[in-house]
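Numbering (my numbering), first residue to last: 241 to 399.
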Amino acid sequence: MEHLCKPCNRCLKRVPMDFKWTGVWPGFVCDVKRLKAIPELLAHAPYLSAVDPNAGEDSICDLCKAYSEGKCSEAADYCVYNEQNQALWHQEPPAGEGYQLWETTSEGSPLSPVFSSLDELCAWASDNTTFFGNQKVSKDIWDKILNPKKNTKKEKKND
């Protein structure tokens, strides 16, 4: 059952009930213009100053000397993707009381409307989206996927 708690391309986001977004959420994307506006990030990754502000995300790595030498390390201070640097630019969607299913295959975007309960979202997901590839799963499985803490407690009580 552990594998159901970690789907490779779906996650739950708590967003405002009136949240309407289509496409990739920009806070998940390494937008060059936004990165260059963060002085602390430029101090760690000075090569960013040479990246064309209108260029795509790939151009960031292309100008990183470690990447071009085949020594890329996301843990290194100069990498925009390391945990410390990513905290400077990564931005979650606004938090709220609603429940929404998101895909994480690309940078991340909503798959479902916003629901007032997890139960409603799970019912919608069982009919309207896939768990992985073309596989659909039941409402109960969606509940286990999207609410692993609740289900772990249930399983422990039943042991």
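Glycine included, every Cβ here is placed at the ideal spot set by N, Cα and C.
Below 8 Å, can you find three or more Cβ-Cβ pairs linking the stretch 254-270 to the stretch 323-331?
Three or more Cβ pairs closer than 8 Å define a contact, and the stretch 254-270 meets that threshold against the stretch 323-331.
Under the rule that 16 or more other beta-carbon atoms within 10 Å means buried, what is K384, buried or exposed?
buried
Could you pull out every residue in the same chain whose Cβ sits closer than 8 Å to the Cβ of N249, ignoring the five residues on either side in sequence?
Hits under 8 Å: E343, T344, T345, F372.
Backbone secondary structure at W265 - three-state DSSP
coil
Grab me the residues of A295's own chain with a C-beta within less than 8 Å of its C-beta, minus the 5 sequence neighbours each way, in chain order.
Taking C-beta separations shorter than 8 Å and ignoring five residues to either side along the sequence, the partners of A295 in its chain run V272, following chain order.
For K260, name the three-state secondary structure that DSSP assigns.
coil
Please classify A285: is it buried, with 16 or more other beta-carbons within 10 angstroms of its beta-carbon, or exposed?
By the neighbour-count rule (16 or more Cβ atoms within 10 Å), A285 is buried.
How many angstroms separate the CA atom of A335 from the CA atom of V320?
Note on geometry: alpha-carbon atoms of A335 and V320 lie some 25 Å from one another.
Give me the DSSP bridge partner(s) of R200.
What is shown of the chain runs 241 to 399, which leaves residue 200 out entirely.
How do the stretch 357-371 and the stretch 296-313 stand: do at least 3 beta-carbon pairs fall below 8 Å, yes or no?
no
Kindly indicate which three-state DSSP category C251 falls into: helix, strand or coil?
It is a strand residue.
If you draw a straight line from the C-alpha of K379 to the C-alpha of Q326, how long is it?
The straight-line gap separating the alpha-carbon atoms of K379 and Q326 is approximately 34 Å.
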